[in-house]
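Here is the structure we will look at.
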Amino acid sequence: MKKECRNHNIRFGMGDEAAVQAWECLHSAEVKQDFKSQNAFAVAAINDYYERHLAKKNDPYLESREKEDAFAERLVQTVEKKLLSNLPALAAMYQMQQQAFFQAGLQAGGIMPYPYQQGNPQAVTPSAGKPLMEQESVCEQAKDSREEEMPEPEENEFLDYSFGV
661 MKKECRNHNI RFGMGDEAAV QAWECLHSAE VKQDFKSQNA FAVAAINDYY
711 ERHLAKKNDP YLESREKEDA FAERLVQTVE KKLLSNLPAL AAMYQMQQQA
761 FFQAGLQAGG IMPYPYQQGN PQAVTPSAGK PLMEQESVCE QAKDSREEEM
811 PEPEENEFLD YSFGV
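Numbered continuously in our numbering, the sequence shown closes out at residue 825.
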């Protein structure tokens, strides 16, 4: 059984830029690679164009929304790319900050013990040279002296003192 075919000739006027561009697209290497034939390409192009024409006719804001979505997608990709390219520097900065906090704690009399010393009260910190138990008592003394220096707050109807209760 033979399929019914219809034929329609299209003329590409070489004086018209749009016609020249269409001719070049029809005869491009991409069309030869991606489509079964020039006829299959022309059918797909006409159908896609007409569907888009109808969608745009029924929804005049379709094109602007698509442009906004494309812009937002490009923006997200740019931010992700920038973030990922700066990630090693951010991680290094974070690590340096953590190390500075740790060293500041050790320089303040060994108040902040090493994590592996928490279970061993007789462990000695390198900076203070005192057992951890003595360091904890120094920490408590410093805490008590700070509490003595702090004056009582004024009466204020807006303050809520029941927050720890």
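Cβ coordinates follow ideal geometry from the N, Cα and C atoms, glycine included.
- Here the C-alpha atom of Q681 lies approximately 23 Å from the C-alpha atom of E723.
- G765 and Y754 have their C-alpha atoms some 17 Å from each other.
- Annotation: E677 to H713 spans about 21 Å, alpha carbon to alpha carbon.
- Assignment of Y721 by DSSP, reduced to helix, strand and coil, places it in the coil class.
- Between F672 and W683, the beta carbon gap of about 4 Å places them in contact (Cβ cut-off 8 Å).
- Counting only the Cα atoms, A732 lies some 39 Å from F761.
- Distance between Q757 and R734, taken at the CA atoms: about 33 Å.
- The alpha-carbon separation between P748 and K742 amounts to approximately 11 Å.
- When rounded, the separation of the alpha-carbon atoms in E664 and V703 is 16 Å.
- K692: member of the alpha helix (DSSP H) spanning A689 to D694, first to last residue.
- Distance from the CA of A752 to the CA of E711, rounded to the nearest whole angstrom, comes to 52 Å.
- CA-CA distance, N699 to E690, rounds to 14 Å.
- Going by C-alpha positions, H668 is about 54 Å away from L744.
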